[in-house]
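Colleague:
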Amino acid sequence: LSERSLRSWVSKTIFPYGITLTSLISTPGLPHTSPRGTYFQQGPGPLFHLLKLPKPNITINNSQPMEGEDSLALTCEPEINYATYLWKINNQTILDGDRLKLSNNNRTLTLFNVTRNDTGPYECEIQNPVSANRSDPLTLNISYGPDVPIINPPDSHFRSGTNLNLSCHADSNPPAQYSWFFNGRPLEFTQELSILNLSTNNSGSYVCVAHNSVTNLNSTTTKNITISGKWTLEHSIKYWVEP
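For the record, in the sequence shown the residue sitting at position 50 is 50 according to full-length UniProt numbering, with numbers rising by one throughout.
See below:
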């Protein structure tokens, strides 16, 4: 079979990125490269056309999953017949596990009961005998929290006349919104609380409430603070001099 005859086949494309079958017979095992891909024939029969693979992309069925509530399906697009799909997370190949499940053709990766540690990044790769291509990395946005807030500084005793500066932080995605309460009464709707020139009237229970607007969850922590009276230099001298 001459090269001219080999190049004169008439083909019909069955799949956009899959296999092309020809109505002609060519030399078995002889590959032919065209701008669209490479043609193979392993023996008498149709001629297989393996196209150069496009760059894949990852689609997800939920753009804002919540920790402990949602499962997530990642799909490698496009669907290509006679191609192999591979998945990586943090540059490590993904295998089936208790919370990770691959579809029969590996094209879809399912994550069950997502956690904040499942953010990725994820990549999918498609391969055939003549080419391979990998997607851009995808990092998941998983909503979680707020965790129990932490109030700083850890001190609980302060002097009258000094200033009190408290900050509250809770691990949360998206970042938490904060509010402060003193002995059950609202004070401020900020992450930091400042009180100038303390007096004993400022002794009591300070509560920080962290709220996540997506998970709609609240988390609180309480700090009991005691304000003691001033110690002047005169009081200190009398204390040490008097028997």
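Ideal Cβ positions, reconstructed from N, Cα and C, are used throughout, including at glycine. On a predicted model such as this, the values are computed, not experimentally measured, just so you know.
From what residue to what residue does the beta strand (DSSP E) around L102 run?
Modeller: To locate residue 102, count along the sequence shown from 1; it is residue 102. Run containing L102: 100-102, per the beta strand (DSSP E) assignment.
Colleague: Within a Cβ cutoff of 8 Å, which residues of the same chain sit near S228, ignoring the five residues on either side of it in sequence?
Modeller: For the purposes of this step, residue 228 is taken as the residue at position 228 of the sequence shown. Within the same chain, S228 has close Cβ partners H157, F158, R159, S160, T200.
Colleague: Quick check: the segment 97-113 against the segment 173-180, are there 3 or more CB pairs under 8 Å?
Modeller: Contact fails: fewer than three Cβ-Cβ distances are below 8 Å.
Colleague: How big is the Cα-Cα spacing for T110 and N91?
Modeller: Residue mapping note: residue 110 aligns to position 110 of the sequence shown, counting from 1. Residue mapping note: residue 91 aligns to position 91 of the sequence shown, counting from 1. Cα to Cα, the separation comes out at about 18 Å.
Colleague: I'd like to check one pair, I80 with K88: are the Cβ atoms closer than 8 Å?
Modeller: Translated into the one-based positions of the sequence shown, residue 88 becomes position 88. Translated into the one-based positions of the sequence shown, residue 80 becomes position 80. No, the Cβ-Cβ distance between K88 and I80 is not below 8 Å.
Colleague: If you draw a straight line from the C-alpha of Q64 to the C-alpha of N224, how long is it?
Modeller: Your numbering for residue 64 matches position 64 in the sequence shown. Your numbering for residue 224 matches position 224 in the sequence shown. Their backbone Cα atoms lie some 37 Å apart in a straight line.
Colleague: Just tell me which of Y122, C208, N163 has its CA closest to the CA of R185.
Modeller: The residue given as residue 185 occupies position 185 in the sequence shown. Among Y122, C208, N163, the Cα nearest to that of R185 belongs to C208.
Colleague: With DSSP run on the structure shown, which of helix, strand or coil describes R107?
Modeller: Here residue 107 is taken as the residue at index 107 of the sequence shown, counted from 1. R107: coil per DSSP, three-state reduction.
Colleague: Excluding the five sequence neighbours on either side, which residues of its own chain have a C-beta within less than 6 Å of the C-beta of R116, listed in chain order?
Modeller: Start at 1 with the first residue of the sequence shown, and residue 116 comes out as number 116. So the list reads E67, I142, Y144, once near-sequence residues are dropped.
Colleague: On a CA-only basis, which of P154, S172, D171, A170 is nearest L164? Give me that one, please.
Modeller: For the purposes of this step, residue 164 is identified with residue 164 of the sequence shown, where counting begins at 1. Among P154, S172, D171, A170, the Cα nearest to that of L164 is on P154.
Colleague: Using only alpha-carbon positions, find the residue among L217, N104, E123, D96 that is nearest to D171.
Modeller: Counted from its first residue, the sequence shown places residue 171 at position 171. The shortest Cα separation from D171 among L217, N104, E123, D96 belongs to L217.
Colleague: Please go through the same chain and pick out, in chain order, the residues whose beta-carbon is closer than 6 Å to the beta-carbon of S194, but skip the five residues on each side of it.
Modeller: One-based indexing of the sequence shown puts residue 194 at position 194. Excluding residues within five positions, the ones whose Cβ falls inside 6 Å are N165.
Colleague: Among A73, P174, I60, K55, which has the Cα closest to the Cα of S83?
Modeller: One-based indexing of the sequence shown puts residue 83 at position 83. In the sequence as presented, Ser is not what sits at residue 83; that position holds Ala. Checking every option, the nearest Cα to that of A83 belongs to K55.
Colleague: Taking DSSP as the reference, what is the three-state secondary structure of N218?
Modeller: Working through the sequence shown from its first residue, we reach residue 218 at position 218. Three-state result, N218: strand.
Colleague: Could you tell me the distance, in whole angstroms, from the CA atom of P16 to the CA atom of L86?
Modeller: For the purposes of this step, residue 16 is taken as the residue at position 16 of the sequence shown. For the purposes of this step, residue 86 is taken as the residue at position 86 of the sequence shown. Note on P16: pLDDT 42, under 50, position unreliable in the model; no value is reported.
Colleague: What does the Cβ neighbour count give for V114, buried or exposed, with the cut at 16 atoms within 10 Å?
Modeller: Residue 114 sits at position 114 when you count from the first residue of the sequence shown. Buried, by the Cβ-count rule.
Colleague: Can you give the Cα-Cα distance for I151 and S203, rounded to whole angstroms?
Modeller: Locating residue 151 in the sequence shown gives position 151, counting from the first residue. Locating residue 203 in the sequence shown gives position 203, counting from the first residue. One C-alpha to the other measures close to 16 Å.
Colleague: Measure how close the beta-carbons of S219 and N183 come, nearest whole angstrom, since I'm counting them as under 8 Å.
Modeller: Taking the sequence shown and counting its residues from 1, one reaches residue 219 at position 219. Taking the sequence shown and counting its residues from 1, one reaches residue 183 at position 183. With 8 Å as the limit, S219 and N183 do not qualify as a contact, their Cβ atoms being about 20 Å apart.
Colleague: Just to confirm, are Q191 and S213 a CB contact at a threshold of 8 Å?
Modeller: Counting from 1 along the sequence shown, the entry for residue 191 is found at position 191. Counting from 1 along the sequence shown, the entry for residue 213 is found at position 213. No. Outside cutoff.
Colleague: Compute the Euclidean distance between the alpha carbons of H211 and E69, then round it to the nearest angstrom.
Modeller: Position 211 of the sequence shown holds residue 211. Position 69 of the sequence shown holds residue 69. Answer to the nearest angstrom: the Cα atoms are 18 Å apart.
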